[in-house]
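Everything below concerns the one structure shown next.
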Amino acid sequence: GLSAAKAGATTVTLVDREALALHCAMSTAEVCGLRTGPVPDGSDDAKAFYAQGSEAVAAAEVEAEAAEDKTAQLRAAMTAAAAREDYAEAAALKQELAALGPAGVVSASMADWSDLAGNGLVVDVVLASEVLYDPREAKPLA
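Residue numbers (the working numbering): 142 to 283.
Structure (structure tokens):
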């Protein structure tokens with residue numbers, strides 16, 4: 142999940158049934174400079190955090206737009222450098238691109254896989270690891 146956030150996912154919700162695992166993951170997100178916030182589940186806290194027009198969101202959107210423009214420029218320059226076989230320049234541009242960081246938000250939810258929707262979690266993509274070690278967990282993921 143943190144890799145997806147670093148790569149630019151708009152929102153990433155880390156889900157586990159163990160509070161300590163989520164604490165460690167969110168601590169890692171903070172240490173890595175990722176933006177953190179509430180789970181986008183429709184709660185009052187989430188609505189306030191993600192509300193269009195709020196000062197924090199407006200500032201983040203301006204920053205994201207600038208980063209997107211810079212991101213597009215860096216990606217194009219990196220592709221051109223690789224096409225010229227200037228791999229040193231391509232690598233330097235890749236590092237600069239990585240330093241821009243994501244525009245998205247990382248959140249965490251202690252939940253059971255069998256009832257994600259019941260916890261207000263609606264997702265487009267699931268990136269999962271270590272979820273099939275318990276045979277009881279296979280059916281809800283199918």
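Note that CB positions come from ideal geometry on N, CA and C, so glycine has one too.
Please read these numbers as outputs of a predicted model, since none were measured by experiment.
Rounded to whole angstroms, what is the Cα-Cα separation between ARG158 and LEU143? Position 17 of the sequence shown holds residue 158. Position 2 of the sequence shown holds residue 143. Going by the C-alpha atoms only, they are around 18 Å apart.
Beta-carbon proximity list for ALA231, same chain, < 7 Å, skipping 5 on both sides: Walking along the sequence shown from the start, residue 231 turns up at place 90. MET219, ALA222 and ALA223, listed in sequence order.
State buried or exposed for ARG176, treating a residue as buried only when at least 16 other CB atoms are found within 10 Å of its CB. The residue given as residue 176 occupies position 35 in the sequence shown. ARG176 should be labelled buried.
Can you say whether SER270 is buried or exposed, counting buried as having 16 or more other CB atoms within 10 angstroms of its CB? Counting from 1 along the sequence shown, the entry for residue 270 is found at position 129. Classification for SER270: exposed.
Would you give the residue range spanned by the alpha helix (DSSP H) that ALA249 belongs to? Position 108 of the sequence shown, counted from the start, is the residue given in the question as residue 249. It is not in any alpha helix (DSSP H) - ALA249 instead sits in the beta strand (DSSP E) that spans 246 to 251.
Apply the 10 Å Cβ neighbour rule to THR154 and answer buried if 16 or more other Cβ atoms are within range, or exposed otherwise. Position 13 of the sequence shown, counted from the start, is the residue given in the question as residue 154. Buried.
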